[in-house]
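Participant: Quick one: the structure is below, questions incoming.
Residue numbers (the numbering used here), protein chains in the order written: chain A, 40 to 156; chain B, 2 to 112.
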């Protein structure tokens, strides 16, 4: 049981390049999330998904796109990278209990450190 | 939506002393309050959580208290050790939406 796996761990992009951050979970969690964490700051939600085929915007979605074709995978796509997207990106997943919300067992991946130059 | 305020932003304590971090939230419907510890360069990890039907929960040297009337919850660490040095985040949900995190508290335990 690997939990939440993110790849790559580190990446340097040039301005205007694109890339996809991969996230996979093997806990059969229905909810998945992408957060970014700027140096010395808290976690800001980019996008989230409540199940395969369903995604929704978070607090800071501009410049990013996501898809959720399977329960296990939730990739984050950066188009036209900008220096403002330099950050550490965390993927997370959680499970829901019918009628009691969907915030239990939040498990984070190890993060992707992205630098845009 | 939910708004979570966390205080203090930094906290230094002597080894063996206690540390207390407080969070307030805005959504009276929130029912789940986790605390995460993030060591330098690592992922946030859940250390303790509390649900709204209890007022206090303990796990060895760590405890969380909840005051639903005042809409605040606190993390208490007793007999602090150098390995407790990290950034601590509180969080709260708003209905079925994702967790909203506080801005974090950097705890330094001085040996």
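Don't be surprised by glycine CBs; every beta carbon is placed ideally from N, CA and C. Small disclaimer: the values here were computed from a predicted structure and weren't measured.
Within a Cβ cutoff of 6 Å, which residues of the same chain sit near residue 1 of chain B, ignoring the five residues on either side of it in sequence?
Facilitator: The structure shown does not extend to residue 1 of chain B, since chain B spans only 2 to 112, so no value can be given for it.
Participant: CB-CB under 7 Å to residue 86 of chain B, same chain, minus the five flanking residues each way: which ones, in chain order?
Facilitator: In the second chain, counting from the first residue as 1, residue 86 of chain B sits at position 85. Excluding sequence neighbours, residue 86 of chain B sits near 108, 109 and 110.
Participant: Would you call the region 8-23 of chain B and the region 115-134 of chain A touching, i.e. three or more CB-CB distances under 8 Å?
Facilitator: No, because fewer than three Cβ pairs between the region 8-23 of chain B and the region 115-134 of chain A fall closer than 8 Å, the two stretches do not touch.
Participant: Roughly how many angstroms separate the alpha carbons of residue 77 of chain A and residue 84 of chain A, rounded to a whole number?
Facilitator: Mapped onto the first chain, residue 77 of chain A falls at position 38. Mapped onto the first chain, residue 84 of chain A falls at position 45. So the two alpha carbons sit approximately 12 Å from each other.
Participant: Spell out the partners DSSP gives residue 49 of chain A in its beta bridges.
Facilitator: The count along the first chain starts at 1 and reaches residue 49 of chain A at position 10. In DSSP, residue 49 of chain A forms a bridge with A:152.
Participant: Which of the three DSSP states is assigned to residue 1 of chain B in this structure?
Facilitator: In the structure as shown, chain B starts at 2 and stops at 112, and residue 1 of chain B therefore has no counterpart that could be examined.
Participant: Between residue 31 of chain B and residue 99 of chain B, which are expected to be in contact by the criterion C-beta below 8 Å, what is the C-beta distance as a whole number of angstroms?
Facilitator: As a working mapping, residue 31 of chain B is identified with position 30 in the second chain. As a working mapping, residue 99 of chain B is identified with position 98 in the second chain. About 12 Å; that fails the 8 Å criterion.
Participant: With residue 42 of chain A and residue 146 of chain A assumed to form a contact (beta carbons below 8 Å), what rounded beta-carbon distance in angstroms separates them?
Facilitator: On the first chain, residue 42 of chain A is found 3 positions in, with the first residue counted as 1. On the first chain, residue 146 of chain A is found 107 positions in, with the first residue counted as 1. Confirmed, about 5 Å.
Participant: Using a C-beta cutoff of 8 Å, does residue 92 of chain A count as contacting chain B?
Facilitator: Locating residue 92 of chain A in the first chain gives position 53, counting from the first residue. By this cut-off, residue 92 of chain A is not an interface position.
Participant: Tell me which same chain residues have a C-beta within less than 6 Å of the C-beta of residue 38 of chain B, skipping the five on either side of it?
Facilitator: Here residue 38 of chain B refers to the residue found at position 37 when the second chain is read from its first residue. The answer, listed in chain order, is 46, 48, 87 and 89.
Participant: Pull up the distance between the alpha-carbon of residue 43 of chain B and that of residue 151 of chain A, whole angstroms please.
Facilitator: In the second chain, the residue the question calls residue 43 of chain B occupies position 42. In the first chain, the residue the question calls residue 151 of chain A occupies position 112. The alpha-carbon atoms of residue 43 of chain B and residue 151 of chain A are separated by roughly 11 Å.
Participant: Determine which residues of the region 65-81 of chain A have a Cβ less than 9 Å from any Cβ of chain B, and write them out in chain order.
Facilitator: Result list: 70, 72, 74, 76, 79, 80 and 81.
Participant: So what does DSSP say about residue 50 of chain B, is it helix, strand or coil?
Facilitator: Walking along the second chain from the start, residue 50 of chain B turns up at place 49. Three-state result, residue 50 of chain B: strand.
Participant: Name, please, each residue of chain A whose Cβ falls closer than 8 Å to the Cβ of residue 44 of chain B.
Facilitator: In the second chain, residue 44 of chain B corresponds to position 43, counting from 1. Residues of chain A passing the Cβ test: 129, 147, 148, 149 and 150.
Participant: Have a look at residue 74 of chain B and residue 80 of chain B and give me their C-alpha separation to the nearest angstrom.
Facilitator: Numbered from its first residue, the second chain carries residue 74 of chain B at position 73. Numbered from its first residue, the second chain carries residue 80 of chain B at position 79. Cα to Cα, residue 74 of chain B sits roughly 20 Å from residue 80 of chain B.
Participant: Kindly indicate which three-state DSSP category residue 106 of chain A falls into: helix, strand or coil?
Facilitator: As a first step, residue 106 of chain A must be located in the first chain, where it is residue number 67. Reduced to three states, the DSSP call for residue 106 of chain A is coil.
Participant: Is any heavy atom of the ligand ATP found at a distance shorter than 7 Å from the C-beta of residue 35 of chain B?
Facilitator: Here there are no bound small molecules, and the ligand ATP is not part of this structure.
Participant: Taking Cβ-Cβ distances below 8 Å as the criterion, which residues of the region 91-113 of chain A are in contact with chain B?
Facilitator: Result list: 97.
Participant: Starting from residue 44 of chain B, trace the beta strand (DSSP E) in both directions and tell me its first and last residue.
Facilitator: Indexing the second chain from 1 puts residue 44 of chain B at position 43. No beta strand (DSSP E) contains residue 44 of chain B, which DSSP labels as neither H nor E.
Participant: Taking the alpha-carbon of residue 7 of chain B as reference, which of A:80, A:66, A:54 and A:75 has the nearest alpha-carbon?
Facilitator: Translated into the one-based positions of the second chain, residue 7 of chain B becomes position 6. Minimum Cα distance to residue 7 of chain B is reached at A:80.
Participant: Drop a sphere of 10 angstroms on the beta-carbon of residue 88 of chain A, count the other beta-carbons inside from all chains shown, and report buried for 16 or more, exposed for fewer.
Facilitator: For the purposes of this step, residue 88 of chain A is taken as the residue at position 49 of the first chain. Buried, because 16 or more other Cβ atoms sit within 10 Å of the Cβ of residue 88 of chain A.
Participant: Restricting to Cα atoms, I'd like to know which of A:90, A:51 and A:123 is closest to residue 67 of chain A.
Facilitator: Sequence index remark: in the first chain, residue 67 of chain A carries index 28 (1-based). The option with the nearest alpha carbon to residue 67 of chain A is A:90.
Participant: Can you say whether residue 113 of chain A is buried or exposed, counting buried as having 16 or more other CB atoms within 10 angstroms of its CB?
Facilitator: Within the first chain, numbered from 1, the residue matching residue 113 of chain A stands at position 74. Answer is buried; the Cβ neighbour count reaches 16.
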